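Shown next, in structure tokens, is the structure this report addresses.
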Amino acid sequence: MDSAKKGSRKRQSNPQLPRIVWERLRKKYPHSLIFLPIFHDVRLQILSKKLESTLPPEEFGDELPQVLRATATKPGDMGTKGGNWLHVAVTQGDLPLAHECIRLGSAIQYKDRRGYSALYLGCTVLKDLLIPTGLVAGAVVSLPGGRTPDSNTADEILDQMVEICLLLLAHHSDPNETHDNLSLLGLACLSGRGELIKGLLIHGANPTPPSPTQLPGKFLATQQARISFATQASRFSGKPRPRRLCPCGSERLLDVCHGQTVPQPYPDDGICPCGGGKIYSLCCVKRTDMYWAEKWDRREEELKRLAIPRVTKDPSMQEGGAEIMFEANSAAKHDILRGNLESAHRILRELHKSGRIDPAYVAVGCQVSFLPLFPAAVRTMSKIDLNNAVRIWNEFVDGYINAGVDSRTREEIENAAKVGPTGGPLYRRCEAEGCPKIEGRNDVKLSRCAGCSKAVYCSSACQKLSWKTHRSACKNGEAKVQLLPSQAEFNAEMSKSMIDKLATLDLPAERVQALVNGFFNA
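For reference, each letter of the sequence shown is one residue, going 1 to 522 in full-length UniProt numbering.
In structure tokens:
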């Protein structure tokens, strides 16, 4: 491992959980992985979208402490067989890690290569390690920091495993998952852990599966335990499942926390989602054009981080705007971005048919798996997402050029279709009327207007020439970042489409227009 990486791992950040929660967990479980410096990199990479919260990164595999090993594991696999961070947490017996995983977005129902969720894996490990009288002989327990395991430590780890399973149930993991005719309830009865058996029954586990040979209660060791099982099964039968906990770690119910209609503010002491690596209170919270919020997406069962434009200084109106922006954003993601780009493609084709948009722009817009970029959108993206989107878009432009379907020169097509880090043209034009100069062509360099930092000119002479028409917008804060002509046409049509969607929310027309302007204008 190179020195740069080693140096980065000396940094430390607090867990994303609420402070009162992680401080309580640290007091009880100080050796959890989430309190080690290595997890700073994991946390930062997940929040900046360099790393999916679904899978543990292999580069950290040799550094993660193996707290509890029941069987030999494949190198680099950490015993999870392709599972996510929750599979790691349950095999490690690391309760704080499970809480932090859920906060960072690990999917509760994610399955490993065997098809096991983290809950099923946890119950399987408990079954393999436990008999009614205690730890199975020969199980290997190794602890981080050179600590020597003892029976109390082993019991503590096993207790954490049970608590993790109960936590996963509270976040609505499937209580009836079954593999090879062995249900979760059957595994719990084999392990003899009464609190886990009760938790499964409370959350709707079926005590009488179709196969009578696999009745969970028959796996219990004593007649008294079987009677207790039957009593509890009868007690909880037919009762509604307890409401789901919010994944934010607040210990509140989802429907009164991030499951509410209005997105909740992003925590000030969390790592900023923009990807810069700073705490939110020292980063994007200072921005006047947008802010970060979070809301539970019921369709994807995920806590989404949202960049919401500040369209007004009125708090009540901004709150309503946040709700609308989430609904519009969610609708766009599911109706357009999630494999249904027909709406955007239809607009692009209609504009092309009427001759209002560049053919290269249309071809690329109908190929990429995201909406065409524009300045107001890129300011809400992380640097990583922006750089990736710009790279992908421009690579598709290169592919269009190389296909030889357009008789124009490479330079002409690039000028018309490639995008840059502002979300506008990669090759910007001098904005003085009649000036033909283009940035990056023939050594032309453009300078931004000192007043608005948006308009660009090739010389002071061109800026002076343009001042009469630019002055009002510059002074009033209405100057716009330069667009490709095709972007301007596409955005105009998308604005109309968005207005139509927002009209279904029964809002005043002026409020709808303000929201659309805030979304498309930069």
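For every residue, glycine included, the Cβ atom is placed at its ideal position computed from N, Cα and C. These figures come from a predicted structure and were not determined experimentally.
Taking only the alpha-carbon atoms, compute the straight-line gap between E350 and F396 and give it to the nearest angstrom.
Translated into positions along the sequence shown, residue 350 becomes position 350. Translated into positions along the sequence shown, residue 396 becomes position 396. For E350 and F396, the distance between alpha carbons rounds to 21 Å.
Mark A205 as exposed unless 16 or more other C-beta atoms lie within 10 angstroms of its C-beta, in which case mark it buried.
Stepping through the sequence shown from its first residue, residue 205 is reached at position 205. So A205 counts as buried.
Touch check for the stretch 23-31 and the stretch 241-255: three-plus C-beta pairs under 8 Å?
no
If you run the structure through DSSP and keep just helix, strand and coil, what is S173?
Within the sequence shown, numbered from 1, the residue matching residue 173 stands at position 173. Coil.
CB-CB length for L200 against L182, believed under 8 Å
Counting from 1 along the sequence shown, the entry for residue 200 is found at position 200. Counting from 1 along the sequence shown, the entry for residue 182 is found at position 182. So it is not a contact: roughly 13 Å between Cβ atoms.
Which of helix, strand or coil does DSSP assign to Y280?
Translated into the one-based positions of the sequence shown, residue 280 becomes position 280. If DSSP states are grouped into helix, strand and coil, Y280 belongs with the helices.
Between the stretch 264-279 and the stretch 115-134, do three or more beta carbon pairs fall short of 8 Å?
no
Cutoff 6 Å; reference F374; Cβ partners in own chain excluding five residues on either side
Here residue 374 is taken as the residue at index 374 of the sequence shown, counted from 1. Correct list, in chain order: G423, Q487, N491.
Quick check on the burial criterion: 16 or more other C-beta atoms within 10 angstroms. Buried or exposed for I271?
Position 271 of the sequence shown, counted from the first residue, corresponds to residue 271. Burial call: buried.
E251, DSSP secondary structure in three states
What you label residue 251 is simply residue 251 of the sequence shown in a count that begins at 1. Correct three-state label for E251: coil.
Can you tell which of H203, V21, E412, R346 has its C-alpha closest to the C-alpha of residue 523?
Here the chain covers residues 1 to 522 and nothing more, so residue 523 does not appear.
Relative to the C-alpha of I401, which candidate in N415, A389, N388 has its C-alpha closest?
Along the sequence shown, one-based indexing puts residue 401 at 401. Nearest C-alpha to I401: N415.
Using beta-carbon positions only, say whether R244 and H172 come within less than 8 Å of one another.
For the purposes of this step, residue 244 is taken as the residue at position 244 of the sequence shown. For the purposes of this step, residue 172 is taken as the residue at position 172 of the sequence shown. Contact: yes.
Residues bridged to A307 (per DSSP)
Here residue 307 refers to the residue found at position 307 of the sequence shown. The partner list for A307 (beta bridge, DSSP) reads W292.
Assuming contact is defined by CB atoms lying nearer than 8 Å, are L426 and N394 in contact in what I supplied?
Looking up residue 426 in the sequence shown gives position 426. Looking up residue 394 in the sequence shown gives position 394. Yes, Cβ-Cβ distance for L426 and N394 is below 8 Å.
Skipping 5 residues on each side, what residues in its chain have a beta carbon closer than 6 Å to that of Q463?
Residue mapping note: residue 463 aligns to position 463 of the sequence shown, counting from 1. Answer for Q463: Y457, listed in chain order.
DSSP three-state label for V419, please.
As a working note, residue 419 is residue 419 in the sequence shown. It is a strand residue.
Can you give the Cα-Cα distance for K437 and I279, rounded to whole angstroms?
Counting from one through the sequence shown, the residue named residue 437 turns up at place 437. Counting from one through the sequence shown, the residue named residue 279 turns up at place 279. One C-alpha to the other measures close to 42 Å.
Give me, in chain order, the residues of the same chain whose beta-carbon lies closer than 6 Å to that of Y116; leave out the 5 immediate sequence neighbours on both sides.
Here residue 116 refers to the residue found at position 116 when the sequence shown is read from its first residue. Correct list: empty, nothing qualifies.
For G451 and L483, I'd like the C-alpha separation in whole angstroms.
Here residue 451 refers to the residue found at position 451 when the sequence shown is read from its first residue. Here residue 483 refers to the residue found at position 483 when the sequence shown is read from its first residue. Going by the C-alpha atoms only, they are around 19 Å apart.
DSSP three-state label for Y110, please.
For the purposes of this step, residue 110 is taken as residue 110 along the sequence shown, with counting starting at 1. Y110: coil per DSSP, three-state reduction.
Roughly how many whole angstroms lie between the Cα atoms of K304 and G399?
Translated into the one-based positions of the sequence shown, residue 304 becomes position 304. Translated into the one-based positions of the sequence shown, residue 399 becomes position 399. Taking the straight line joining both Cα atoms gives about 33 Å.
Pair within 8 Å by beta-carbon distance, H352 and V362
Position 352 of the sequence shown holds residue 352. Position 362 of the sequence shown holds residue 362. Yes, these two residues count as a Cβ contact at 8 Å.
In angstroms, rounded to a whole number, what distance separates the CA positions of C101 and I34?
Here residue 101 refers to the residue found at position 101 of the sequence shown. Here residue 34 refers to the residue found at position 34 of the sequence shown. Distance between the alpha carbons of C101 and I34 is about 9 Å.
Alpha carbon to alpha carbon, how far is R391 from L215? Give it in angstroms, no decimals.
Residue mapping note: residue 215 aligns to position 215 of the sequence shown, counting from 1. Residue mapping note: residue 391 aligns to position 391 of the sequence shown, counting from 1. About 56 Å.
Do you know offhand how far S460's Cα is from G440's?
Here residue 460 is taken as the residue at index 460 of the sequence shown, counted from 1. Here residue 440 is taken as the residue at index 440 of the sequence shown, counted from 1. Answer to the nearest angstrom: the Cα atoms are 18 Å apart.
With DSSP run on the structure shown, which of helix, strand or coil describes V256?
Against the sequence shown, residue 256 aligns to sequence position 256. Reduced to three states, the DSSP call for V256 is helix.
Count the other C-beta atoms from every protein chain shown that fall within 10 angstroms of the C-beta of I20, then say buried if there are 16 or more, exposed otherwise.
In the sequence shown, counting from the first residue as 1, residue 20 sits at position 20. By the 10 Å Cβ count, I20 comes out exposed.
Locate the alpha helix (DSSP H) running through T124, then write down its first and last residues.
What you label residue 124 is simply residue 124 of the sequence shown in a count that begins at 1. Taken as a continuous stretch (DSSP letters only), the alpha helix (DSSP H) holding T124 covers 118-129.
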